[in-house]
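Have a look at the structure below before the remarks.
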Amino acid sequence: MIVLGIDTTCDESAASVVVDGKKILSNIIYSQIKLHQNYGGVFPELACRRHLEVLLPIIEEALFTAKVTPNDIDVIAVADQPGLMGALLMGVNAAKSLSLAWNKPFVGVNHIKAHLYGALMSVDTNVFPALGLVLSGGHTALVLMEDEENYSLIGNTVDDAVGEAFDKVARLMGLPYPGGPQIEILAREGDPRRYPFKPGVVKGQKYNFSFSGLKTQVLYTLKGQNGGSTGEDLLPFEEKKHIAASFQEAAFSDLLTKCQLAVQEFGIKQLYIGGGVSCNQTLRSLFSQKMPADVGVFWPGKGLSLDNAAMIAGLGFHVYKRKGSSDDLNLIPSPTNKILSI
Ligand code: KG4
Ligand code: ZN
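In terms of the numbering used here, the sequence shown opens at residue -10 and continues consecutively.
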């Protein structure tokens, strides 16, 4: 089954062609980062306008690169939640229009589940039940996976998502958006034990996460208790690399501890980690060193960590196989995650 995937949830316009859920024929991503950098984050209206301009050329490029024509496409899969409403509408309306014009079925796919599918795609044999950890700019979730599509949520963030905490800490340090890669680079030079930062503990909920207190500890260290986020730095520039390393260490060791606990409690043999933060090489080496040796830890392949449409086309294959029919043309995208809420 040949699936065309489309993702316009945030500030990446993406299209991809995938065969049978795993074989990627094309994965085209147009990043809008430069457009949004001046604003220190994503400017929703500008994101929509850019999606509108680039989406059809990107879809054409995805078909061209994959050496297929619209006739060869069996299903169109589109991210329909969660994301910026206007941005989601661009992708969903494009999918509906192509579905009508080409007379092909289309299905809506959950973007967060697709992030985990990005890790599943890189492995020939997926063993369930598995543990999944979603680490994106908007979500931090620990899930028990019965299969590619069906999960139960065992842990969630009660405040900031981990990627969001990276972005906010980077902004405090005067680093450009998106902050995650900037923090990773700066942290390589720093001492992760210099500042004893601590991630939040959520009372009575051992698998839940809290990162907003960690961000505040960085703020107080950098600018003092009364400094405010735009206040003067109290510390010399030299210290920032140690702050970045200590922040990263605190956030990642919290993720590790909760995964170690969950694999033990649920007898898990495979752990899948997806979402933008899974690009981080320090995170990858921490997990490969510290997870029990009999647990396989799997990451998205190249081009599958950050927002992309290959993960949408891949998961779309399973969604369509289960449903056996097209979604309705009156499908309405959802800015919130309707499936994974606690
Ligand atoms: O999954 P994603 O592309 O978009 C969402 O669905 O949110 O994730 C983007 C997030 C941003 O917060 C970004 O700062 C973070 O992933 N990120 C990283 C790294 N690369 C991207 N965080 C830490 N280290 C990285 N190397
Ligand atoms: Zn994403």
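The beta carbon of each residue, even a glycine, is placed where N, CA and C say it ideally should be.
*asked:* Measuring only the C-alpha atoms, how far is A234 from Q270?
replied: 13 angstroms
*asked:* Between the alpha carbons of G72 and I101, how many angstroms are there, rounded?
replied: I101 has its alpha-carbon roughly 10 angstroms from the corresponding atom of G72.
_Supposed close pair D69, G29 - CB separation, criterion 8 angstroms_ = D69 to G29, Cβ: 28 angstroms. No contact.
*asked:* By the three-class DSSP mapping on this structure, what secondary structure does M134 have?
replied: strand
_Backbone CA spacing between D296 and E1 [nearest angstrom]_ = 6 angstroms
_Taking 7 angstroms as the cut-off, is the beta-carbon of D156 closer than that to any non-hydrogen atom of the ligand ATP?_
As far as ligands go, the structure on display features the ligand KG4 and the ligand ZN and does not contain the ligand ATP.
*Identify the residues that DSSP records as bridge partners of L122: which are they?*
According to the DSSP secondary-structure assignment, L122 is paired through a beta bridge with L131 and I262.
*Minimum C-alpha distance to P324 - residue among P59, M74 and A176*: M74
*Is it true that the CB of L272 sits closer than 8 angstroms to the CB of V81?*
no
*Counting pairs of beta carbons, one from the segment 23 to 38 and one from the segment 166 to 174, are three or more of them closer than 8 angstroms?*
yes
*State the start and end residues of the unbroken alpha helix (DSSP H) segment that holds S201.*
S201 to K212
*Does DSSP classify I62 as helix, strand or coil?*
coil
*By a C-beta neighbour count over all protein chains shown, 10 Å radius and 16 as the cutoff for buried, is L120 buried or exposed?*
buried
*DSSP three-state assignment for A4, whether helix, strand or coil*: strand
*With a threshold of 16 other CB atoms inside 10 Å of the CB of G220, please say whether the residue is buried or exposed.*
Under the 10 Å beta carbon count, G220 is surrounded by fewer than 16 other beta carbons and is classified as exposed.
_Give me the residue from P322, D316, A299 and R311 with the minimum Cα distance to I13._
Residue A299 holds the alpha-carbon nearest to the alpha-carbon of I13 among P322, D316, A299 and R311.
*Around the ligand ZN, Cβ to any heavy atom closer than 5 angstroms, ordered along the chain*: S125 and D296
*DSSP state of S86 mapped onto helix, strand, coil*: helix
*Does the separation of the CB atoms of P188 and A240 fall below 8 angstroms?*
yes
*Do the segment 102 to 113 and the segment 286 to 293 touch if we need at least three Cβ pairs shorter than 8 angstroms?*
By the Cβ test, the segment 102 to 113 is in contact with the segment 286 to 293, since at least three Cβ pairs between them sit closer than 8 angstroms.
*From which residue to which residue does the beta strand (DSSP E) around K12 run?*
Counting along the chain, the beta strand (DSSP E) containing K12 begins and ends at K12 to S20.
*Which residues bound the beta strand (DSSP E) around I143?*
Segment Y140 to N145, the beta strand (DSSP E) holding I143.
*Is it true that the segment 203 to 214 meets the segment 119 to 138, where meeting means three or more beta-carbon pairs spaced less than 8 angstroms apart?*
no
*Q171: buried (16+ other C-beta within 10 angstroms of its C-beta) or exposed?*
Answer is buried; the Cβ neighbour count reaches 16.
_According to DSSP, simplified to helix, strand and coil, what is D317?_
coil
*Just to confirm, does H104 get its C-beta within under 7 angstroms of one of the non-hydrogen atoms of the ligand KG4?*
yes
*Return the CA-CA distance between G305 and A159, expressed in angstroms with no decimal places.*
34 angstroms
*Where the alpha helix (DSSP H) containing I47 begins and where it ends*: P33 to A55
*Helix, strand or coil for V332 per DSSP?*
The shown model of the chain, from -10 to 331, leaves out residue 332, and the question about it has no answer.
_Cβ-based burial, D113 [other Cβ within 10 Å; buried from 16]_ = exposed
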